[in-house]
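Numbering (the numbering used here), first residue to last: 161 to 513. Ideal Cβ positions, reconstructed from N, Cα and C, are used throughout, including at glycine. Scroll down for the structure; my scribbles are underneath it.
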Amino acid sequence: MSIEIRNINKFYGSAQALFDVSLSVRKGEFVTLLGPSGSGKTTLLKIIAGFEPVSSGSITMGGADVTALPPEKRNFGLVFQGYALFPHMSVYDNIAYPLKVRRLSRGEIDARVEAMLDLVQLGRFSNRRPSELSGGQQQRVALARALVFKPDLLLLDEPMSALDKKLRIDLQEELRDIHRTLGTTFINVTHDQEEAMHMSDRIAVMNHGRISQYDTSFNLYRRPNSRFVADFIGKSNIFSGAISRQGEDSVFRSEQIAFPLVERLSAQDDAMVMIRPEDASIETAPPSDRRIHLPARVQHSTYSGDRVFYTLALEGGGSFIVYGRARAGIHADGEPVYATFLAEDCVILGGAG
Numbered sequence: 161m162s163i164e165i166r167n168i169n170k171f172y173g174s175a176q177a178l179f180d181v182s183l184s185v186r187k188g189e190f191v192t193l194l195g196p197s198g199s200g201k202t203t204l205l206k207i208i209a210g211f212e213p214v215s216s217g218s219i220t221m222g223g224a225d226v227t228a229l230p231p232e233k234r235n236f237g238l239v240f241q242g243y244a245l246f247p248h249m250s251v252y253d254n255i256a257y258p259l260k261v262r263r264l265s266r267g268e269i270d271a272r273v274e275a276m277l278d279l280v281q282l283g284r285f286s287n288r289r290p291s292e293l294s295g296g297q298q299q300r301v302a303l304a305r306a307l308v309f310k311p312d313l314l315l316l317d318e319p320m321s322a323l324d325k326k327l328r329i330d331l332q333e334e335l336r337d338i339h340r341t342l343g344t345t346f347i348n349v350t351h352d353q354e355e356a357m358h359m360s361d362r363i364a365v366m367n368h369g370r371i372s373q374y375d376t377s378f379n380l381y382r383r384p385n386s387r388f389v390a391d392f393i394g395k396s397n398i399f400s401g402a403i404s405r406q407g408e409d410s411v412f413r414s415e416q417i418a419f420p421l422v423e424r425l426s427a428q429d430d431a432m433v434m435i436r437p438e439d440a441s442i443e444t445a446p447p448s449d450r451r452i453h454l455p456a457r458v459q460h461s462t463y464s465g466d467r468v469f470y471t472l473a474l475e476g477g478g479s480f481i482v483y484g485r486a487r488a489g490i491h492a493d494g495e496p497v498y499a500t501f502l503a504e505d506c507v508i509l510g511g512a513g
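Below, the structure written as structure tokens:
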């Protein structure tokens, strides 16, 4: 079911937690609310779930206004960070509980629970208690319980934050497969960028109670609309400077660099350029082609097997991060090098928001 969140504001006394937040979620879409602590993502999730009233604004589902509906009237599933399983119940009974509350027949309950156990691959654990399961298995029980009554929307509140990295990656794949199988609309909350980019159709990046950018993973990474998004999503080099016009060309200038831009832009006194570290290279001599090259020295390096991550100290001041090939060896700390990149790989950023 589609969801329309329009101009949501939330106050706690005189403190404002959300500022005019609007968000459209298509039916069957997997959307993630991503941001640092205090960005407002959990507050927004609680408002969608009905656990927090709005100060102003509206929420509609499938065209129906649900802003004032209590949580139990919204037909939403919810998976908490702590799973909230009933410790005295078996896996089967935990999953069956929402159906028993809805007074479904025994045959319908058995059929739905068995289907969910198969979906989350826990059929042989149906008689176990939560304390007899691993963290990943408990997470899958919580997911099955939230989906068994066929909710219009599934809300996930950082459900994988307590798991180790390898298990998180495995469960991300499983959760994405379950989403594709069922076609239920999912809204996930996380501060983990990799999790958000791996699983989501679209991501709402939040900062200080506002949505900074709502877009696909690709556009958030390759075309961030602000310094905050560029800094928060992945690693980046950002230069502050100005754009001037030279005839038909637009030229970016900062203290460290000056080069013509691929796009024709109007003059700006306050502009920022981003270069991702994988779009640059580290060289021991100035390149003979049209690549921009910045004299630098290696500050330190991190070897990760397939490549090396370098932090360079630029001669003109500031630092530059870049990935280098690992097979050719590692440049030593203090070694003079050049950071090189193409003008077309630079992204002009908007404001700080």
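- Minimum Cα-Cα distance from A390 among the listed residues E408, V365, D312 corresponds to V365.
- Contact between I403 and Q428 holds: CB atoms are separated by about 4 Å, below the 8 Å threshold.
- Comparing alpha carbon positions, the residue from T203, G484, F190, K326 closest to D312 is F190.
- For G401, the closest of M432, F419, F392 by C-alpha to C-alpha distance is M432.
- Below 8 Å, too few C-beta pairs join the segment 200 to 220 and the segment 259 to 271 to call them touching: fewer than three.
- For I363 and G195, the gap between their C-alpha atoms comes out near 10 Å.
- Taking 9 Å as the cut-off, the Cβ atoms of P258 and F211 do not count as close.
- Residue range 175 to 185 is occupied by the beta strand (DSSP E) that includes D180.
- Taken through DSSP and simplified to helix, strand or coil, F240 comes out as coil.
- Within the same chain, V239, Y243, P319, M320, L323, L331 come within 8 Å of Q299 by CB-CB distance, once the 5 residues on both sides are set aside.
- Linking T203 to R382 through their CA atoms gives a straight-line distance of about 28 Å.
- About 4 Å separates the beta carbon of P455 from that of E475, a gap short enough to meet the 8 Å contact definition.
- DSSP places P437 within a helical segment (H, G or I) once states are collapsed to three.
- Sorting S162, S182, G198 by C-alpha distance to the C-alpha of A224 places S162 at the top.
- In the assembly as shown, Y172 is an exposed residue. Its beta-carbon has fewer than 16 other beta-carbons within 10 Å.
- Three or more Cβ pairs closer than 8 Å define a contact, and the segment 403 to 412 falls short of that threshold against the segment 213 to 228.
- In this model, P384 and N367 are separated by some 14 Å (Cα to Cα).
- In this structure, the alpha-carbon of E438 lies about 18 Å from that of Q459.
- When DSSP states are grouped into helix, strand and coil, D317 belongs to the strand group.
- Looking at A175, R166, L193, K187, the one whose alpha-carbon comes closest to that of V181 is R166.
- Assigned with DSSP and collapsed to three states, D391 falls in helix.
- For G283, the closest of K187, R289, E274, G296 by C-alpha to C-alpha distance is E274.
- If you look at S479, you'll find it isn't in any alpha helix (DSSP H); it sits in the beta strand (DSSP E) that goes 479 to 485.
- A306 sits away from L293, with the two beta carbons spaced by 9 Å or more.
- Buried is the label assigned to S396, since at least 16 other Cβ atoms lie within 10 Å of its Cβ.
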